[in-house]
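See below for the structure under consideration.
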Amino acid sequence: MEAYLVATVLAKKPAAIPPFAEIKAQVIDGTSKVEGLRKEKAKTLVFEEAQNLFNQLGEAKSLDELLEKYEVPEGLTADKFSVQESNLFSRSPTSVYVAGMGNSAEVMFEAFQMKLNDIAGPFKGDNGVYIIQLVEREEADIEAFKMDPAEKARHHQALIQTKKRETFANWFASRKEASKLWVHQDYR
3 MEAYLVATVL AKKPAAIPPF AEIKAQVIDG TSKVEGLRKE KAKTLVFEEA QNLFNQLGEA
63 KSLDELLEKY EVPEGLTADK FSVQESNLFS RSPTSVYVAG MGNSAEVMFE AFQMKLNDIA
123 GPFKGDNGVY IIQLVEREEA DIEAFKMDPA EKARHHQALI QTKKRETFAN WFASRKEASK
183 LWVHQDYR
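Mapping of the sequence shown onto our numbering: position 76 corresponds to residue 78, and the numbering continues sequentially without gaps.
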(Lines of atoms letter the chains of each structure in order from A and count residues from 1; the text may use other names and numbers.)
(Lines give C-alpha, C1' and ligand atoms only; values in the text may rest on other atoms or scores of the structure.)
Protein backbone atom coordinates (compact mmCIF):
# COMPACT_ATOMS: atom_id res chain seq x y z
CA MET A 1 0.00 0.00 0.00
CA GLU A 2 1.39 3.38 -0.98
CA ALA A 3 0.04 6.69 0.23
CA TYR A 4 0.95 10.31 -0.35
CA LEU A 5 -0.09 13.38 1.58
CA VAL A 6 -0.24 16.94 0.29
CA ALA A 7 -0.77 19.56 2.99
CA THR A 8 -1.35 23.30 3.13
CA VAL A 9 -0.35 25.47 6.08
CA LEU A 10 -3.45 27.26 7.34
CA ALA A 11 -1.91 29.17 10.22
CA LYS A 12 1.46 29.87 11.76
CA LYS A 13 2.14 30.20 15.43
CA PRO A 14 5.20 32.21 16.45
CA ALA A 15 7.91 30.36 18.35
CA ALA A 16 7.81 30.94 22.08
CA ILE A 17 9.15 29.47 25.27
CA PRO A 18 6.45 29.15 27.93
CA PRO A 19 7.27 30.16 31.50
CA PHE A 20 8.64 27.26 33.55
CA ALA A 21 5.85 27.61 36.12
CA GLU A 22 3.28 26.72 33.43
CA ILE A 23 5.04 23.56 32.28
CA LYS A 24 6.82 22.41 35.45
CA ALA A 25 4.54 19.40 36.03
CA GLN A 26 4.81 18.32 32.41
CA VAL A 27 8.61 18.48 32.47
CA ILE A 28 8.93 16.53 35.70
CA ASP A 29 6.22 13.91 35.09
CA GLY A 30 6.65 13.52 31.36
CA THR A 31 3.05 14.26 30.49
CA SER A 32 4.08 16.50 27.62
CA LYS A 33 5.30 15.41 24.22
CA VAL A 34 8.85 15.52 25.54
CA GLU A 35 9.61 12.82 28.08
CA GLY A 36 9.90 14.01 31.63
CA LEU A 37 12.96 14.02 33.80
CA ARG A 38 11.59 11.21 35.96
CA LYS A 39 11.03 8.91 32.99
CA GLU A 40 14.49 9.64 31.62
CA LYS A 41 16.12 8.93 34.99
CA ALA A 42 14.04 5.76 35.39
CA LYS A 43 15.17 4.48 31.98
CA THR A 44 18.79 5.06 32.93
CA LEU A 45 18.39 3.23 36.24
CA VAL A 46 16.58 0.30 34.61
CA PHE A 47 19.34 -0.05 32.01
CA GLU A 48 22.00 -0.03 34.76
CA GLU A 49 20.08 -2.67 36.72
CA ALA A 50 19.71 -4.82 33.58
CA GLN A 51 23.48 -4.51 33.08
CA ASN A 52 23.99 -5.70 36.69
CA LEU A 53 21.66 -8.64 36.03
CA PHE A 54 23.52 -9.54 32.83
CA ASN A 55 26.86 -9.36 34.68
CA GLN A 56 25.57 -12.11 37.00
CA LEU A 57 25.18 -14.47 34.01
CA GLY A 58 28.15 -16.68 34.93
CA GLU A 59 27.24 -20.31 34.23
CA ALA A 60 23.52 -19.71 33.66
CA LYS A 61 22.28 -21.48 30.53
CA SER A 62 18.93 -19.71 30.25
CA LEU A 63 17.20 -16.49 31.17
CA ASP A 64 15.15 -18.39 33.78
CA GLU A 65 18.35 -19.50 35.54
CA LEU A 66 19.73 -15.97 35.32
CA LEU A 67 16.60 -14.53 36.89
CA GLU A 68 16.75 -17.11 39.72
CA LYS A 69 20.34 -16.07 40.51
CA TYR A 70 19.49 -12.38 40.49
CA GLU A 71 20.20 -10.55 43.73
CA VAL A 72 17.72 -7.70 44.02
CA PRO A 73 19.31 -4.51 45.41
CA GLU A 74 17.82 -3.09 48.59
CA GLY A 75 14.76 -0.95 47.94
CA LEU A 76 13.90 -2.61 44.61
CA THR A 77 11.55 -5.44 43.73
CA ALA A 78 12.15 -8.12 41.13
CA ASP A 79 8.53 -8.19 39.95
CA LYS A 80 9.40 -6.01 36.94
CA PHE A 81 11.78 -8.67 35.65
CA SER A 82 10.20 -11.55 33.78
CA VAL A 83 11.05 -14.01 31.04
CA GLN A 84 8.78 -13.73 28.02
CA GLU A 85 8.98 -15.14 24.53
CA SER A 86 8.40 -13.15 21.36
CA ASN A 87 6.98 -14.57 18.17
CA LEU A 88 9.30 -15.49 15.35
CA PHE A 89 10.29 -12.45 13.30
CA SER A 90 12.16 -11.89 10.08
CA ARG A 91 15.02 -9.57 9.33
CA SER A 92 13.81 -6.57 7.40
CA PRO A 93 15.61 -3.46 6.21
CA THR A 94 12.39 -1.46 6.42
CA SER A 95 11.08 -2.56 9.84
CA VAL A 96 12.79 -3.13 13.19
CA TYR A 97 9.66 -4.16 15.10
CA VAL A 98 9.90 -7.13 17.45
CA ALA A 99 6.63 -8.38 18.99
CA GLY A 100 6.43 -7.56 22.69
CA MET A 101 9.43 -5.23 22.54
CA GLY A 102 8.45 -2.57 20.07
CA ASN A 103 11.01 -1.08 17.72
CA SER A 104 14.59 -2.08 18.44
CA ALA A 105 17.06 -2.36 15.59
CA GLU A 106 19.74 -3.46 18.06
CA VAL A 107 17.72 -6.46 19.26
CA MET A 108 16.66 -7.51 15.78
CA PHE A 109 20.10 -7.46 14.24
CA GLU A 110 21.80 -8.99 17.29
CA ALA A 111 19.30 -11.88 17.25
CA PHE A 112 20.33 -12.77 13.71
CA GLN A 113 24.01 -12.84 14.72
CA MET A 114 23.46 -15.13 17.72
CA LYS A 115 23.77 -18.89 17.92
CA LEU A 116 21.05 -21.02 19.53
CA ASN A 117 20.79 -20.52 23.31
CA ASP A 118 23.19 -17.54 23.32
CA ILE A 119 22.27 -14.76 25.74
CA ALA A 120 22.97 -11.10 24.93
CA GLY A 121 22.07 -7.68 26.20
CA PRO A 122 20.97 -5.44 27.68
CA PHE A 123 19.24 -3.60 24.84
CA LYS A 124 16.97 -0.57 24.96
CA GLY A 125 13.61 -0.93 23.25
CA ASP A 126 10.47 1.19 22.99
CA ASN A 127 8.83 -0.56 25.93
CA GLY A 128 11.77 -1.26 28.23
CA VAL A 129 15.21 -2.81 28.51
CA TYR A 130 15.80 -6.38 27.35
CA ILE A 131 18.24 -9.22 27.78
CA ILE A 132 17.62 -11.71 25.00
CA GLN A 133 18.21 -15.40 24.39
CA LEU A 134 17.86 -17.08 21.02
CA VAL A 135 15.78 -20.21 21.65
CA GLU A 136 14.54 -20.98 18.14
CA ARG A 137 15.60 -20.25 14.60
CA GLU A 138 13.54 -21.15 11.56
CA GLU A 139 15.54 -21.34 8.37
CA ALA A 140 14.01 -20.28 5.08
CA ASP A 141 12.45 -23.12 3.07
CA ILE A 142 14.36 -22.76 -0.19
CA GLU A 143 12.76 -25.85 -1.74
CA ALA A 144 9.23 -24.52 -1.20
CA PHE A 145 10.33 -21.23 -2.69
CA LYS A 146 11.73 -22.96 -5.78
CA MET A 147 8.73 -25.30 -6.22
CA ASP A 148 5.82 -22.95 -5.42
CA PRO A 149 5.35 -20.33 -8.16
CA ALA A 150 2.82 -18.40 -6.02
CA GLU A 151 5.35 -18.03 -3.20
CA LYS A 152 8.00 -16.93 -5.65
CA ALA A 153 5.62 -14.38 -7.20
CA ARG A 154 4.70 -13.03 -3.75
CA HIS A 155 8.36 -12.48 -2.84
CA HIS A 156 9.01 -10.97 -6.25
CA GLN A 157 6.11 -8.52 -5.80
CA ALA A 158 7.32 -7.56 -2.31
CA LEU A 159 10.81 -6.86 -3.68
CA ILE A 160 9.38 -4.73 -6.49
CA GLN A 161 7.31 -2.69 -4.00
CA THR A 162 10.38 -2.17 -1.80
CA LYS A 163 12.43 -1.05 -4.80
CA LYS A 164 9.65 1.35 -5.87
CA ARG A 165 9.54 2.91 -2.40
CA GLU A 166 13.34 3.25 -2.28
CA THR A 167 13.45 4.76 -5.77
CA PHE A 168 10.73 7.26 -4.94
CA ALA A 169 12.38 8.19 -1.62
CA ASN A 170 15.73 8.72 -3.36
CA TRP A 171 14.12 10.75 -6.15
CA PHE A 172 12.17 12.86 -3.68
CA ALA A 173 15.27 13.49 -1.54
CA SER A 174 17.26 14.59 -4.60
CA ARG A 175 14.42 16.89 -5.75
CA LYS A 176 14.16 18.36 -2.28
CA GLU A 177 17.90 18.97 -2.13
CA ALA A 178 18.01 20.54 -5.59
CA SER A 179 14.98 22.77 -5.12
CA LYS A 180 14.89 26.33 -3.88
CA LEU A 181 11.86 27.02 -1.74
CA TRP A 182 10.23 30.43 -1.62
CA VAL A 183 6.92 31.76 -0.36
CA HIS A 184 5.00 34.12 -2.61
CA GLN A 185 4.00 37.32 -0.80
CA ASP A 186 0.35 37.06 -1.85
CA TYR A 187 -0.07 33.43 -0.83
CA ARG A 188 -1.58 33.39 2.64
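The beta carbon of each residue, even a glycine, is placed where N, CA and C say it ideally should be.
Owing to the predicted nature of the structure, the values given are computational and were not obtained by experimental measurement.
Buried or exposed: where does residue i fall if 16 or more other Cβ atoms within 10 Å of its Cβ makes it buried?
i	result
I134	buried
A146	exposed
A52	buried
Y132	buried
S181	exposed
L55	buried
M149	exposed
F22	exposed
R68	The sequence shown places Leu at residue 68, not Arg. Result: buried.
S176	exposed
G123	buried
Pull the bridge partners of residue i from the DSSP assignment, please.
i	result
N105	Y99
K126	V131
I162	According to DSSP, I162 bridges with nothing at all.
I121	Q135
Considering only heavy atoms of the ligand FMN, does any lie closer than 7 angstroms to the CB of residue i?
i	result
V98	You won't find the ligand FMN in this model; it holds no ligand whatsoever.
Confirm, please, whether the CB-CB distance from residue j to residue i is below 8 angstroms.
i	j	result
L161	I121	no
G127	V48	no
G102	S88	yes
K63	N119	yes
Whose CA, out of the options, lies closest to the CA of residue i?
i	options	result
E140	D150, L59, R93	R93
F114	E138, D128, E24, Y72	E138
F125	R40, V8, Q159, E50	E50
L116	R177, L136, S106	Going by the sequence as given, residue 116 is Met instead of Leu. For M116, the nearest C-alpha among the options comes from L136.
Do three or more CB pairs link the region 109 to 122 to the region 90 to 99 at distances below 8 angstroms? The answer is yes - the region 90 to 99 touches the region 109 to 122, with three or more Cβ pairs under 8 angstroms.
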